[in-house]
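**Student:** The structure follows.
Number of protein chains: 2
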Amino acid sequence: MSLRHAVMAALLEGEASGYDLAKGFDASVANFWMATPQQLYRELDRMQAEGLVRARVVQQERRPNKRLFSLTEAGRGVLRDFTAAPPRPGAIRDELMVKVQSVDAGDAEAVRAAIEERMAWAQAKIARFERLRARMLDGRSEEEYLARAERVGPYLTLTRGLFFERENHRWGAWALAVLDRRSAAAGTPEEAPGPARVRP
Amino acid sequence: MSLRHAVMAALLEGEASGYDLAKGFDASVANFWMATPQQLYRELDRMQAEGLVRARVVQQERRPNKRLFSLTEAGRGVLRDFTAAPPRPGAIRDELMVKVQSVDAGDAEAVRAAIEERMAWAQAKIARFERLRARMLDGRSEEEYLARAERVGPYLTLTRGLFFERENHRWGAWALAVLDRRSAAAGTPEEAPGPARVRP
DNA sequence: CCCCCATATTCAACTTGTTGACTATGTGCT
DNA sequence: AGCACATAGTCAACAAGTTGAATATGGGGG
């Protein structure tokens with residue numbers, strides 16, 4: 005049950021509404037923990053009931069009212085305890101890899117396309133991470149930033165995301181090359197040999 | 005609901021019992037899809053009911069009997085369809101990263117230890133992957149293997165696992181260095197400065 | 001001899017996560 | 001005027017994943 009811990013980690017950045025988290029989960033914590041809006045609202049309600057977060061209703065004029073959540077001292081305590089506990093091995097679940105594993109018994113062209121899609125979105129994430137990184141550094145060198153900033157956690161996780169997506173991209177390029185060499189060598193009869201399967 | 009697809013991908017290697025999968029999920033498919041034994045048994049029963057797998061009961065003498073599952077033609081069809089379908093973005097969930105994100109408000113020493121643990125187990129996986137890889141290549145060069153082998157999927161996913169764990173390890177080393185520089189610079193009063201926080 | 005581990009599976013209860021629809025309101029586009 | 005989209009949520013139903021224990025047997029180490 006550590007969605008709640010992810011939520012608390014996100015709330016370290018400051019007050020947020022369920023809606024903010026549902027969006028902003030995409031920007032910071034989402035790189036290693038995803039959740040749907042419903043999941044967040046439900047969890048926030050429970051956490052409030054348990055005193056881990058407090059809600060402040062903000063009246064708005066031309067918008068629906070919102071509840072801004074922030075960490076309570078109890079919440080901070082729980083988060084501290086969580087960081088101190090030994091972590092269980094993380095659960096990985098990647099549909100693309102299931103497809104790649106089955107590529108020889110499946111639709112190779114579709115798997116190719118899926119890898120390309122993944123590469124494109126890895127690239128998009130890399131760009132976003134780099135923008136975020138530039139914003140965090142704000143002119144300073146990494147060394148300077150890491151020495152002086154009051155929090156390094158977000159920078160460490162962001163870097164991890166960056167490393168991860170770059171590796172994703174590199175792997176994708178390699179995998180595509182492998183599949184190409186294979187389909188070229190296999191002499192696919194329906195498709196012209198030679199410059200076969202070159203895409204625009 | 006794509007545990008079933010992961011199971012089918014695993015069954016491409018041949019017949020397996022629920023128990024085999026529960027263990028062997030660790031060796032091949034487990035790198036990108038984890039499941040508990042209970043989950044597997046339940047899913048296998050359902051899949052059998054739907055005709056995706058067939059079971060063959062093997063009488064054993066000094067062991068409980070076992071059911072060996074294999075893919076049916078219907079199962080192969082479903083797997084083929086699955087590879088052809090556009091993949092949804094995979095859900096990532098990494099407790100360690102939640103801890104790292106919260107490191108500044110938590111127990112830095114424990115987070116350090118968790119990163120070290122992760123690095124150790126990345127290293128162990130790398131070693132296992134490399135043994136597996138050597139076994140697959142069986143003397144041949146990678147190029148030769150990829151050109152001739154009847155299946156490349158398992159090699160592609162194994163490589164992805166290798167890349168991933170190497171990156172994990174590299175990131176961990178970097179993150180530890182960052183945390184060390186910080187705690188050295190912060191002049192932690194309870195611990196001696198200078199060669200502070202050097203571990204055996 | 002005893003205990004723990006490996007094989008092989010099943011049951012029950014519980015917690016999480018997913019999907020789709022539904023309520024409101026305001027802004028901008030065409 | 002009509003529509004899509006962003007804000008800010010709620011509800012219900014279902015699917016999937018987790019935990020803990022129970023069953024049955026044999027082999028190995030101390």
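For the protein sequence lines, the chains are A and D, in the order given.
Add 4 to the 1-based position in the first sequence for the working numbering, that's all there is to it.
Add 4 to the 1-based position in the second sequence for the working numbering, that's all there is to it.
Using N, Cα and C, we set each Cβ at its ideal position, and we do this for glycine too.
So within the stretch 59-113 of chain A, which uninterrupted beta strand (DSSP E) runs reach at least 3 residues, ignoring any that extend past its ends?
**Tutor:** If we require 3 residues or more, the beta strand (DSSP E) runs fully inside the stretch 59-113 of chain A come out as 70-75.
**Student:** Would you decide whether D98 (chain A) is buried or exposed? Buried here means 16 or more other CB atoms lie within 10 Å of its CB.
**Tutor:** By the 10 Å Cβ count, D98 (chain A) comes out buried.
**Student:** Three or more beta-carbon pairs under 8 angstroms between the stretch 97-117 of chain D and the stretch 73-84 of chain D, yes or no?
**Tutor:** Contact between the stretch 97-117 of chain D and the stretch 73-84 of chain D is absent, because fewer than three Cβ pairs lie under 8 angstroms.
**Student:** Please name the residue in A:Y23, A:M38 and A:A20 whose C-alpha comes closest to that of L7 (chain A).
**Tutor:** Residue A:M38 is the option with its Cα nearest to L7 (chain A).
**Student:** Which stretch, first to last residue, makes up the alpha helix (DSSP H) that contains A179 (chain D)?
**Tutor:** It spans G157 to A189 - the alpha helix (DSSP H) in which A179 (chain D) sits, taken as one unbroken run.
**Student:** Taking Cβ to Cβ, would you say G165 (chain D) is nearer than 7 angstroms to F133 (chain D)?
**Tutor:** For G165 (chain D) and F133 (chain D), yes; Cβs fall inside 7 angstroms.
**Student:** What is the DSSP secondary structure of A53 (chain A), reduced to helix, strand or coil?
**Tutor:** In this structure, A53 (chain A) counts as helix in the three-state DSSP scheme.
**Student:** Does E194 (chain D) come within less than 7 angstroms of chain A when only Cβ atoms are used?
**Tutor:** With a pLDDT of 48 at E194 (chain D), under the threshold of 50, the modelled position of that residue is not reliable, and the figure given next carries that caveat. Not one chain A Cβ lies under 7 angstroms of E194 (chain D).
**Student:** Given this structure, state the Cα-to-Cα distance separating R203 (chain A) from V62 (chain A), to the nearest angstrom.
**Tutor:** In this prediction, R203 (chain A) has a pLDDT of 45, which is less than 50 and means its spatial position is unreliable; nothing more can be read from the coordinates.
**Student:** Answer yes or no: does any C-beta atom of chain D fall closer than 7 angstroms to that of S106 (chain A)?
**Tutor:** For S106 (chain A), the answer is yes, since a Cβ of chain D falls inside 7 angstroms of its Cβ.
**Student:** Can you pull the chain A residues whose beta carbon is under 9 angstroms from the beta carbon of I96 (chain D), in chain order?
**Tutor:** Here the neighbours are A34, N35, F36, W37, M38, G94, I96, R97, D98 and F168.
**Student:** Go ahead and pull the three-state DSSP assignment for A20 (chain D).
**Tutor:** A20 (chain D): strand per DSSP, three-state reduction.
**Student:** For K27 (chain A), which residues in chain D fall below 8 angstroms Cβ to Cβ?
**Tutor:** Per Cβ cutoff of 8 angstroms: no residues; K27 (chain A) is ~16 angstroms from chain D at best.
**Student:** Could you please give me the residues that DSSP links to W125 (chain A) through a beta bridge?
**Tutor:** Its beta-bridge partners do not exist; DSSP assigns none.
**Student:** Measure from the C-beta of D24 (chain D) to each C-beta in chain A and report whether the shortest distance is under 7 angstroms.
**Tutor:** Cβ-Cβ to chain A under 7 angstroms: no for D24 (chain D).
**Student:** Using the beta-carbon count (16 or more within 10 Å), is A13 (chain D) buried or exposed?
**Tutor:** So A13 (chain D) counts as buried.
**Student:** Report the neighbours of V182 (chain A) on chain D: residues whose CB is nearer than 7 angstroms to its CB, in chain order.
**Tutor:** Under the 7 angstroms cutoff, chain D gives L150, V156 and L160.
**Student:** Taking just the CA atoms, how far does V115 (chain A) sit from V104 (chain A)?
**Tutor:** Taking the straight line from one Cα to the other gives about 6 angstroms.
**Student:** Take P41 (chain A) as the anchor and find which of A:A53, A:Q52 and A:G28 has the nearest alpha-carbon.
**Tutor:** Of the candidates A:A53, A:Q52 and A:G28, the one whose C-alpha sits nearest the C-alpha of P41 (chain A) is A:G28.
**Student:** Interface residues of chain D around S74 (chain A) at Cβ under 9 angstroms?
**Tutor:** The premise fails here: S74 (chain A) is roughly 13 angstroms from chain D at the closest Cβ pair, so nothing lies under 9 angstroms.
**Student:** Return the residue from the list D:Y159, D:R174 and D:E171 that minimises the CA-CA distance to S106 (chain A).
**Tutor:** Nearest C-alpha to S106 (chain A): D:Y159.
**Student:** With distances taken from CA atoms, which of A:G22, A:D108 and A:A53 is nearest R71 (chain A)?
**Tutor:** Considering only alpha carbons, the answer is A:G22.
**Student:** For R32 (chain D), count the other beta carbons within 10 Å of its own beta carbon; 16 or more makes it buried, fewer makes it exposed. Which is it?
**Tutor:** With the sequence shown as reference, residue 32 (chain D) is identified as Ser, and Arg is not the correct amino acid for it. S32 (chain D) comes out buried.
**Student:** For a cutoff of 7 angstroms on Cβ pairs, would you count E171 (chain A) as touching chain D?
**Tutor:** So yes, E171 (chain A) belongs to the interface.
**Student:** So, is D35 (chain D) buried or exposed, given that buried needs 16 or more other C-beta atoms within 10 angstroms?
**Tutor:** Correcting the residue type first, residue 35 (chain D) is Asn in the shown sequence and not Asp. Classification for N35 (chain D): buried.
**Student:** Mind the definition here: the stretch 177-191 of chain D touches the stretch 112-126 of chain D only if three or more C-beta pairs lie below 8 angstroms; say whether that holds.
**Tutor:** Verdict: yes, contact present.
**Student:** Do the stretch 119-138 of chain D and the stretch 164-178 of chain D meet, that is, are 3 or more Cβ pairs less than 8 angstroms apart?
**Tutor:** Yes, since at least three Cβ pairs between the stretch 119-138 of chain D and the stretch 164-178 of chain D fall closer than 8 angstroms, the two stretches touch.
**Student:** Would you kindly work out how many angstroms separate the C-alpha atoms of L16 (chain D) and L75 (chain D), rounded to a whole number?
**Tutor:** So the alpha carbons of these two residues sit roughly 7 angstroms apart.
**Student:** Using a Cβ-Cβ cut-off of 6 angstroms (strictly less than) and excluding sequence neighbours within five positions of M123 (chain D), which residues of its own chain qualify?
**Tutor:** The residues are H173 and G176.
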